[in-house]
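Each position in the first sequence, counted from 1, maps to that position plus 59 in my numbering. Note sheet for the following structure.
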Amino acid sequence: MDTPTETTETISSSQQSSRELTKQYNPFEVEDRWVKRWVDEPFTVDAHSDKPAFCIVIPPPNVNGNLHLGHAFDNTIIDTLTRYKRMKGFEALYQPGMDHAGITTQVQVERMLASEGVSRYDLGREGFLKRVWEWKEQYGGIILGQLQRLGASADWSRTRFTMDVGLSQAVRHQFVKLYHEGLAYKGERIVNWDPVSQTTLSDLEVDREERLGKLYTLRYPLADGNTEIRIATVRPETIFADQAVAVHPDDERFRDFVGKQVRIPLTDRFIPIITDEAVEMDFGTGALKITPAHDPTDFDIGERHNLARPSVIDLNAKLTSDLVPTQFQGLDRFTARDVVEAALAEEGTLVTTQDYTVPLGLSQRTKEPVEPILSEQWFVNTDAIAQRVLEGLDTGDITVHPERYGKVNRDWLANLRHWNVSRQLWWGHQIPAWYDPEGNIYVPDMDNPDLDCDDDPRYAHLELTQDPDVFDTWFSSNLWPFSTLGWPNTDDPYFKKFYPTSVLVTGYDIIFFWVARMEMAGYQFTGEKPFSDVLLHGLVLDEQGQKMSKSKGNGVDPLEVIAEFGADALRFAMTYASTGGQDIRWDGRRVEMGRNFNNKLWNAARFAMMYLDDGIDLDANAQLETLPDRWILSRLQRAVADVTDLLDTYDIGAANRRLYDFVWSEFCDWYLEAAKPALREGNTSTKAILGRVFTDILKLLHPLIPFITSELYEAFGFETQLGWATYPEVDDKLINPDAEQHFKNLQDAVTASRNLRTEANIAPNQEIPLVIGGNAKQVIDDNATVLESLARVKLQTEVKGASLSQIVPDLELTLPLEGLIDIDAWQARQQKRLASLQKDIAKSEKKLGNAKFVDNAPAEVVAEEKRRLEESKGLLAGIEASLAQLN
RNA sequence: GGGCGGUUAGCUCAGUGGGAGAGCACUCGCUUCACACGCGAGGGGUCGUUGGUUCAAAUCCAAUACCGCCCACCA
């Protein structure tokens with residue numbers, strides 16, 4: 060980009076208004092300067108102010124992450140709302156921070172180490188963590204700079220990290236409390252095991268997929284040797300861990316089998332036939348092999364029948380157990396399946412195999428098939444607190460937008476299972492539980508949760524070792540809305556001032572991971588909701604409507620977009636596209652729209668400055684002398700009312716579109732053009748009104764596009780920065796329906812004149828005579844200079860010679876036929892108008908002739924229909940007359 | 001198996017009961033004294049399909065088709 064940039068010398072505010080603005084807006088120099096300013100003078104908050112509080116905590120990005128479009132989307136919305144509220148007089152806190160992202164970061168650092176040929180075990184726990192912290196210091200926080208580049212008006216002095224001392228204490232406090240309330244417990248359960256990263260995963264971290272596999276029907280011989288029972292399975296390699304065969308209690312087919320013993324194929328072991336309601340009679344053979352250690356359903360059935368639960372698959376997903384015959388020992392689970400199948404066939408216990416779609420769980424991080432294994436882990440009992448959240452959602456204590464996601468939120472909570480919070484990782488909050496050699500558990504007391512048990516004098520006589528596991532990442536981010544504000548210190552002024560927070564803004568894809576868990580933690584630990592509203596937005600998809608992902612390489616890098624178009628243009632594209640939680644397909648044309656809009660605004664400012672070379676004086680005396688002035692002030696009030704309303708209901712996309720339309724189509728296209736005659740005459744009232752309206756426009760737009768608006772505000776000589784200015788309020792006295800109607804007449808006249816000019820092939824810059832007739836003639840006459848300027852015409856009382864007429868509501872315009880005109884084409888077009896009018900008339904007459912319509916429809920609708928009919932009739936007559944005149 | 005969203009102009013999308021809109025693309029004309037990242041004048045749609053409710057349906061209801069997403073322990 061070799062566009063010449065302005066000089067960067069410091070200019071005092073009194074000179075700023077005379078600063079030359081480039082013809083084309085160059086966002087880069089401007090944005091860089093404001094980024095620096097907002098970092099040097101962040102939008103800090105005062106916890107003791109009298110202003111009402113407004114607070115949004117950002118979804119903390121991964122500490123080592125890079126800004127992607129999802130962040131850009133989130134933070135644009137967050138910043139827009141925060142800036143809006145700040146200007147509305149709120150003490151508005153944009154609370155920034157980062158997440159340690161346990162498994163993601165650990166996998167990433169391990170990968171880096173692997174390239175050096177080092178594993179985490181080579182370094183040991185302490186050495187490894189040192190490396191992760193080094194990595195965090197080096198790369199962590201890059202994303203904060205990227206958020207700053209986006210224009211985030213955060214209070215950077217309050218930046219928090221989930222592994223900060225204070226936030227780590229919060230996590231510990233949480234666990235200790237849950238433990239002593241009996242809600243955190245250690246239990247042996249079936250968990251999702253990722254054999255690659257060697258850790259358990261919560262259900263949410265497992266992606267369900269369907270793979271083509273086989274359904275095997277096996278023969279389990281009864282002890283008597285004469286009969287058999289057949290079972291269906293997709294995992295024959297797990298038969299060695301079988302503890303029973305189960306059938307449904309009502310299943311007549313197996314009535315005589317229940318209680319008898321069957322032999323597990325390929326072994327000499329016998330297991331009983333039991334009954335359980337969980338068995339589906341219709342599926343497979345109606346008989347199910349029960350393997351408590353390798354299947355959640357089987358585990359539950361095993362619990363009910365007190366079955367043992369031996370494992371035959373180890374942490375590396377290999378068959379290792381005394382129960383496994385030698386020839387299968389050490390085989391990988393998938394290899395084992397084929398080998399076992401062959402052996403079963405040989406033994407004659409394999410009845411059939413058929414192709415079958417097998418559900419498979421994949422680790423979100425490593426994409427490795429997850430192995431359900433039996434393991435002792437820490438769980439959190441969420442039963443009661445989920446109910447409390449459901450109540451909060453039902454009573455409207457928390458409101459989810461759009462509403463349909465409230466149902467998603469609710470349904471998940473209603474079917475929630477206990478949360479496995481322990482992870483076999485090193486990067487994270489190590490679990491504050493200690494064990495003595497006998498395996499007894501020691502957890503710090505509630506009144507001193509930060510005291511390690513191995514430092515506790517009471518246990519000095521014991522050999523205590525701390526649990527090596529760490530907590531699930533979400534077991535710290537669930538506290539984010541209050542841990543960032545000082546909790547567990549409930550006397551912290553920020554906690555007191557800003558909690559509960561106002562709105563939570565995030566993508567619907569983390570409702571379960573994050574939103575619901577914050578809701579639970581909020582009620583559980585603070586006794587209150589963590590936020591009043593949840594604003595969920597959609598995902599940003601690529602041009603083809605596919606999810607963006609690193610592996611597909613179809614991602615759009617927001618930083619590249621900013622580098623090419625500027626952050627305001629990107630922000631514009633993000634808010635423009637946002638509607639009702641819908642996914643948005645990436646479309647670069649929206650960024651160009653933003654870029655073009657910014658340029659338009661920039662040039663409108665340049666124009667305004669030509670007449671406001673002393674800056675803007677908002678106190679200047681201004682009379683509403685001209686129709687354009689009265690009109691734009693009236694339209695401005697409507698824009699302010701609409702936009703305020705839309706932002707208050709979080710409809711940022713509609714607010715953006717409303718302002719785009721107002722600024723471009725009303726202010727630039729009509730007002731600036733219509734005001735030119737008065738401005739050229741030096742009308743001081745019009746100048747003052749131009750200044751006022753433009754100032755309000757900058758304020759209205761500022762939350763959406765903060766850079767250019769701040770720059771222009773400053774360029775007009777305002778000393779306080781725009782971010783701290785007051786948002787416009789509606790002034791009802793300025794709403795002027797008459798002015799709007801009259802200006803509409805003027806617009807009709809201008810458009811019709813231009814249309815006639817085009818029809819008659821008259822050069823755009825050639826001034827031509829025009830005669831006006833009709834009901835609204837007086838309005839036009841009163842504003843003759845405006846019409847003459849906008850349409851390049853000279854009003855006359857009559858036209859000599861051949862002429863062309865155009866009929867619009869309340870007006871007839873006649874133009875001399877000076878240029879060449881394609882009469883046939885003109886007539887054809889008028890005929891088309893006639894046909895359409897005739898249709899309209901017929902329709903209206905039919906409607907008005909319908910007694911049901913006249914009786915049932917609201918009076919104003921009927922009146923409007925009558926007015927429309929009259930108007931159409933008038934237009935029709937006029938056009939017919941002008942056509943006749945031509946002939 | 002259950003739930004949700006989408007289907008409107010060539011493209012990307014707004015619009016949720018009273019005569020269909022935007023941006024881009026397209027046609028024609030403009031170096032008009034803020035802006036060619038612009039200005040002006042235009043062309044283009046039986047609002048997926050079928051049925052219903054209503055004086056009135058893109059909009060509400062019910063089916064249906066296609067596209068997409070989420071949830072789920074029939075092995």
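Note that the Cβ used here is the ideal one computed from N, Cα and C, for glycine as well.
Checklist line | Three-state secondary structure assigned by DSSP to F584 | finding: F584: helix per DSSP, three-state reduction.
Check: Short check: CB of I360 to CB of A337, under 7 Å?
Finding: Between I360 and A337, the gap from beta carbon to beta carbon is short of 7 Å.
Notebook entry, point to check: Are the beta-carbon atoms of D642 and L706 separated by less than 7 Å?
Noted result: The answer is no: Cβ separation not under 7 Å.
Next item on the list: Please report the residue range of the beta strand (DSSP E) in which T873 lies.
Entry: Per DSSP, the unbroken beta strand (DSSP E) holding T873 starts and ends at L870 to P875.
Check: Just to confirm, are S693 and I794 a CB contact at a threshold of 7 Å?
Finding: A distance below 7 Å separates the beta carbons of S693 and I794.
Next item on the list: Alpha carbon to alpha carbon, how far is G148 from L260? Give it in angstroms, no decimals.
Entry: Their backbone Cα atoms lie some 45 Å apart in a straight line.
Next item on the list: Thinking V574 and V620 are a contact (beta carbons under 8 Å), I'd like their distance in whole angstroms, please.
Entry: A Cβ-Cβ separation of about 28 Å leaves V574 out of contact with V620 under the 8 Å criterion.
Item checked: Reference L128, options V913, F666, N613 and R926, closest by Cα -> For the residues V913, F666, N613 and R926, the minimum Cα distance to L128 belongs to N613.
Item checked: Spatial distance of F802 from A737 (CA atoms) -> Those two C-alpha atoms are separated by around 16 Å.
Check: Alpha carbon to alpha carbon, how far is P369 from T385?
Finding: In this structure, the straight-line span from the alpha carbon of P369 to that of T385 is close to 17 Å.
Check: Rounded to the nearest angstrom, how far is the Cβ of F557 from that of L544, given a contact under 8 Å?
Finding: Contact flag correct, Cβ pair sits at about 6 Å.
Note to self: Three Cβ pairs or more, each shorter than 8 Å: is that satisfied between the segment 471-488 and the segment 179-192?
What the structure shows: Yes: the two stretches touch, three or more of their Cβ pairs being nearer than 8 Å.
Notebook entry, point to check: Do the segment 769-784 and the segment 749-760 touch if we need at least three Cβ pairs shorter than 8 Å?
Noted result: With contact defined as three or more Cβ pairs closer than 8 Å, the segment 769-784 and the segment 749-760 are in contact.
Notebook entry, point to check: Between the segment 373-383 and the segment 218-227, do three or more beta carbon pairs fall short of 8 Å?
Noted result: Contact fails: fewer than three Cβ-Cβ distances are below 8 Å.
Next item on the list: Drop a sphere of 10 angstroms on the beta-carbon of V593, count the other beta-carbons inside from all chains shown, and report buried for 16 or more, exposed for fewer.
Entry: Within a 10 Å sphere around the beta-carbon of V593 sit 16 or more other beta-carbons, which makes this residue buried.
Note to self: Quick check on DSSP: helix, strand or coil for N134?
What the structure shows: Annotated three-state conformation of N134 is helix, per DSSP.
Checklist line | Buried versus exposed, by CB contacts within 10 Å (16 or more), I938 | finding: Buried, by the Cβ-count rule.
Next item on the list: Output the distance between the C-alpha atoms of D1032 and I827, rounded to the nearest integer angstrom.
Entry: Residue 1032 cannot be examined here, being either before or after the span of the chain that is shown, 60 to 946.
Item checked: Per-residue DSSP class, three states only, for I432 -> Residue state for I432 is assigned as strand, using DSSP reduced to three classes.
Note to self: In this structure, how does DSSP classify N804 when only helix, strand and coil are distinguished?
What the structure shows: In the three-state reduction of the DSSP assignment, N804 falls in the helix class.
Check: To the nearest whole angstrom, what separates the beta carbons of L433 and A352, a pair I think is in contact under 8 Å?
Finding: Yes, they are in contact, since the Cβ atoms of L433 and A352 sit about 4 Å apart, within 8 Å.
Next item on the list: Count the other C-beta atoms from every protein chain shown that fall within 10 angstroms of the C-beta of E79, then say buried if there are 16 or more, exposed otherwise.
Entry: When all chains shown are included, E79 counts as exposed.
Next item on the list: Take the Cβ of T856 as the centre, count every other Cβ of all protein chains shown within 10 Å, and call the residue buried at 16 or more, exposed below.
Entry: So T856 ends up on the exposed side.
Notebook entry, point to check: What span of residues does the alpha helix (DSSP H) with S947 cover, start to end?
Noted result: Residue coverage of the chain in this structure runs from 60 to 946, which leaves residue 947 outside it and unanswerable.
Notebook entry, point to check: Nearest to L209 by CA position, among P431, P617 and Y415, is which residue?
Noted result: Selected option, being the one with the closest Cα: P617.
Note to self: Since I372 and V467 should fall inside the 8 Å C-beta cutoff, what is the C-beta to C-beta distance between them, to a whole number of angstroms?
What the structure shows: The distance from the Cβ of I372 to that of V467 is about 35 Å, inconsistent with a contact at the 8 Å cut-off.
Next item on the list: In the DSSP assignment, find the unbroken beta strand (DSSP E) run with R739 in it and report its ends.
Entry: Unbroken run through R739 is the alpha helix (DSSP H), E732 to E740; no beta strand (DSSP E).
Item checked: Close Cβ partners of P63 (< 6 Å) along its chain, the five nearest in sequence each way excluded -> Because the pLDDT of P63 is 34, which lies under 50, any placement of that residue in the model is unreliable, and the question is left without a value.
Check: Is the Cβ-Cβ distance between D133 and V564 less than 7 Å?
Finding: Inclusion of D133 and V564 in the CB contact set at 7 Å is warranted, their separation being smaller than that value.
Notebook entry, point to check: In the structure shown, what three-state DSSP assignment does A243 receive?
Noted result: Strand, per DSSP.
Check: Looking only at DSSP bridge pairs, what is T411 linked to?
Finding: DSSP, once it has assigned bridges, lists T276 as partnering T411.
Notebook entry, point to check: Residues in its own chain within less than 6 Å of I866 by CB, not counting five upstream and five downstream?
Noted result: Within the same chain, I866 has close Cβ partners L934, G937 and I938.
Checklist line | Cα-Cα separation between N251 and V722, rounded to whole angstroms | finding: Annotation: N251 to V722 spans about 55 Å, alpha carbon to alpha carbon.
Item checked: Straight-line gap, D701 to Q233 (C-alpha atoms, nearest Å) -> Those two C-alpha atoms are separated by around 44 Å.
Check: Do the segment 816-830 and the segment 841-861 meet, that is, are 3 or more Cβ pairs less than 8 Å apart?
Finding: These segments touch.
Check: Leaving out the 5 sequence neighbours to the left and right, which residues in its chain are closer than 8 Å to L600 when beta-carbon positions are compared?
Finding: Cβ-Cβ distances below 8 Å link L600 to K606, M607, D642, I643, R644 and W645 in the same chain, with the five nearest sequence neighbours on each side left out; the list follows chain order.
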